[in-house]
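Each residue of the sequence shown is one higher than the last, beginning at 1 in the numbering used here. The beta carbon of each residue, even a glycine, is placed where N, CA and C say it ideally should be. Just so you know, these numbers come straight off a predicted model, no measurement behind them. Notes follow the structure.
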Amino acid sequence: MSPATAYAAGQASFELDNVRIVVSSSFMSPLVFVVAVAGNANQVATALKRRPFREFSVIAVSFGTRPGTERVPVAEAGGVKAYRAALANYRAQQQGQPQTGPSASIFGQQVVGQVSVVKLHLDSLQPKATVIAEWVVEAGQRLWIVRLSQEQQLGASDLIPASQSFKAFGDVVLKSDTLDRTSTVHRNGRPTTRGSHTTSPTTRGAMGITDLAVPAWWSGDCDASGYMSGSGGAAAYRLGATFRGMPVCGPRPAFDDGPDVLVSFPGGWGEYEWECVELAMRYLYLAYGIDTYGASGSEVVWNYSGSLLQQVANGSRYVAPQPGDVLSYGATGSFGHTSIVTSSAIDANGNGTISVIEENNSSDGTSTLNVSNWWVKGNAGSVSGWLHATSRLAPSVYVPLVQQ
């Protein structure tokens, strides 16, 4: 994750996908963005304020790619209308009743947004009514999604109270004089060295158990034969990272334009190789025998209904993610992201880092996330929570996020 510069109240500067951006808005102060690493398939910058939850996110989508965190098509010139329609359709599916929202000044264009109110798992075990304003603009060989999300007061679930936020939503300004720079998403390509990066549960909280079995439904390493047959000739390969012997595979659909190939897991839903959810569901099945279930990346944690694992809200006091835990990111987006924790180095004050493996994001399938005051900072949208094996920690230890 790359740092961003905070200026005066409501102003910030950061570099996303090789573009230097200056943001100003009264929506949030201070504005401190967590920015995706250059070359990651998902180019997302996110600023977050907790209690009550507020989030400001900027997503850059280079032409010829699509973000793994959103339900939108491949970005292309003239694609703004298609992106707006895709986001509106998704909000309608969430019963968010999308409506015309305030305008924002984005890269010199006055852009009309849309606003919805949906219920989401933001930072607690219970979903919260959330007002979301979204804008889409084309600039610099990219499509951009700008999204502001705000938790509503208890009992507020429609656009009448949400309209009180419109003034803050409407003074959003994004500027840049480097929009013509080349995207980083076209730099890395297929890893030149594969299978060399291995992560193991050796840090505090390690499980210390054996490697996982090879999936019975695979034909070859990373289902090479099955993927080649299903994709019409595209090759599957290891990105590099492994955990408990389980490899992270590619190509990354959001980066390499690798086709999604639907595979059937025993006893559950099919999953698409090599989307982020495939890795999480493969791990849950191989490690715990949990059948796959319907979920996007942001829903992997919250759609789980079994008893082997416990849902933990991000920011829960004295509870840090441990190796083998499964994260969900991007509750406010239209798809989100998911990953698996491989190591945890967090002190008694809740500060430190965790390492994760992931598909359809980083080039080698591994990332390091910062943790501050028990809050995990995501590199592909905000982390909402994680799944943790109940046998390793008594349920009474978990403390739900509360207002302070």
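C-alpha distance - residue i paired with residue j, whole-angstrom precision
i	j	result
Asn188	Arg282	Confidence in Asn188 is poor, its pLDDT being 46 and thus under 50, which makes the residue's placement unreliable; the coordinate value appears in the next sentence. Rounded to the nearest angstrom, the two C-alpha atoms are 26 Å apart.
Asp221	Gly245	12 Å
Cys249	Ser328	19 Å
Gln99	Glu151	18 Å
Ile181	Thr338	The question names Ile, but residue 181 in the sequence shown is Arg. Rounded to the nearest angstrom, the two C-alpha atoms are 29 Å apart.
Met228	Ala234	5 Å
Phe169	Pro73	26 Å
Phe416	Val172	In the structure as shown, the chain begins at 1 and stops at 404. Residue 416 is therefore absent and cannot be evaluated.
Ser124	Asp223	37 Å
Glu278	Arg54	29 Å
Ser415	Pro30	With the chain running from 1 to 404 in the structure shown, residue 415 is simply not present.
Glu273	Pro266	15 Å
Thr242	Asn42	20 Å
Phe56	Gly10	11 Å
Leu239	Pro253	13 Å
Gln110	Glu299	33 Å
Ser344	Lys377	14 Å
6 Å CB neighbourhood of residue i in its chain, flanking five on each side removed
i	result
Asp136	The sequence shown places Val at residue 136, rather than the Asp named in the question. Around Val136: Val80, Tyr83, Arg84 and Ile145.
Val341	Pro321, Pro323, Asp325, Ile354 and Val356
Asn40	Asn361 and Ser362
Ser231	Pro259 and Val261
Ser264	Gly270
Pro251	Gly258
Val112	Ser103
Ala133	Gly101, Gly113, Val115, Leu148 and Phe169
Asp211	Arg244 and Gly245
Tyr7	Its pLDDT being 45, under 50, Tyr7 is placed unreliably in this model, and the value from its coordinates should be taken loosely. So no residue of the chain qualifies.
Ala206	Caution applies to Ala206, whose pLDDT of 41 falls short of 50 and renders its modelled position unreliable; the value that the coordinates give is listed next. These residues qualify, in order along the chain: Pro323.
Thr193	Note on Thr193: pLDDT 39, under 50, position unreliable in the model; the coordinate value appears next. Counting only Cβ-Cβ distances below 6 Å, and skipping sequence neighbours, we find nothing.
Gly108	none
Pro127	Lys119, Leu120 and His121
Ser372	Asn351
Enclosing beta strand (DSSP E) for residue i [first to last residue]
i	result
Asn349	Where Asn349 is concerned, there is no enclosing beta strand (DSSP E), given that its DSSP letter is neither H nor E.
Asn370	Thr366 to Ser372
Phe53	From DSSP, Phe53 is part of no beta strand (DSSP E); its letter is neither H nor E.
Leu212	Where Leu212 is concerned, there is no enclosing beta strand (DSSP E), given that its DSSP letter is neither H nor E.
Gly250	Met246 to Gly250
Ala302	The amino acid at residue 302 is misidentified as Ala; the sequence shows Trp. Run containing Trp302: none; DSSP gives neither H nor E here.
Gly68	Looking at the DSSP string, Gly68 is not in any beta strand (DSSP E), and its letter there is neither H nor E.
Gly240	Tyr237 to Phe243
Thr130	Lys128 to Glu138
Glu15	Gln11 to Leu16
Glu273	Gly270 to Glu273
Pro102	Gln99 to Ile106
Lys377	Unbroken run through Lys377: none, as it is neither H nor E.
Val112	Gln109 to Leu120
Ser264	Val261 to Ser264
Ser149	Arg142 to Glu151
Gln311	Leu309 to Ala313
Trp386	Val383 to Ala389
Whole-Å CB distance - residue i paired with residue j, under 8 Å assumed
i	j	result
Ala331	His121	6 Å
Ser384	Val301	7 Å
Gly431	Leu179	A query on residue 431 cannot be resolved here, the shown segment of the chain reaching from 1 to 404 and no further.
Pro215	Leu284	Rounded, the Cβ-Cβ distance is 12 Å, inconsistent with contact.
Trp386	Gly315	Contact flag wrong, Cβ pair sits at about 11 Å.
Leu87	Ser382	Actually they are not in contact, since the Cβ atoms of Leu87 and Ser382 sit about 18 Å apart, beyond 8 Å.
Gly297	Gly336	4 Å
Ala236	Leu309	With 8 Å as the limit, Ala236 and Leu309 do not qualify as a contact, their Cβ atoms being about 28 Å apart.
Chain B contact for residue i (CB, 8 Å cutoff)
i	result
Gly230	Protein chains in the displayed structure number just one, and chain B is not present.
Extent of the continuous alpha helix (DSSP H) to which residue i belongs
i	result
Glu278	Cys276 to Tyr288
Arg91	Val80 to Gln93
Ser183	From DSSP, Ser183 is part of no alpha helix (DSSP H); its letter is neither H nor E.
Ser231	Ala224 to Ser231
Spatial neighbours of residue i in its chain, beta-carbon cut-off 7 Å, leaving aside the 5 residues before and after
i	result
Gly268	Asp291, Thr292 and Tyr293
Thr184	Asp17, Asn18, Ala38 and Gly39
Leu143	Val61, Ala75, Gly79, Val80, Tyr83 and Val136
Pro161	For Pro161, the predicted structure reports a pLDDT of 49, less than 50, and the residue's modelled location is therefore unreliable. A value from the coordinates is still provided. Cβ neighbours of Pro161 beyond the five flanking positions: Gln152 and Gln153.
Trp218	Gly226
Gly306	Ile290
Phe255	Ala41, Thr65 and Val185
Ser396	In this prediction, Ser396 scores a pLDDT of 31, lower than 50, which makes its location untrustworthy; the coordinate-derived value is nonetheless stated afterwards. Correct list: empty, nothing qualifies.
Ala213	Leu286
Ala92	Pro98
Other residues of its chain near residue i: CB distance less than 8 Å, five sequence neighbours each side excluded
i	result
Gly78	Glu138
Ile21	Ser13, Phe14, Glu15, Ala45, Val58, Leu174, Lys175 and Ser176
Tyr90	Arg71 and Ser334
Gly96	Ser116, Val117, Val118 and Ile132
Cys276	Gly68, Gly297, His337, Thr338, Ser339, Glu358, Glu359, Asn360 and Asn361
Asn303	Tyr293, Gly294 and Ala295
Heavy atom of the ligand GTP within 7 Å of residue i beta-carbon
i	result
Leu286	With respect to small molecules bound, the structure shown includes none, and the ligand GTP cannot be examined in it.
| Does the region 360-373 touch the region 98-114, meaning 3 or more C-beta pairs lie closer than 8 Å? | no
Closer than 8 Å is the cut-off here; do at least three beta carbon pairs connect the region 64-74 with the region 46-55? no
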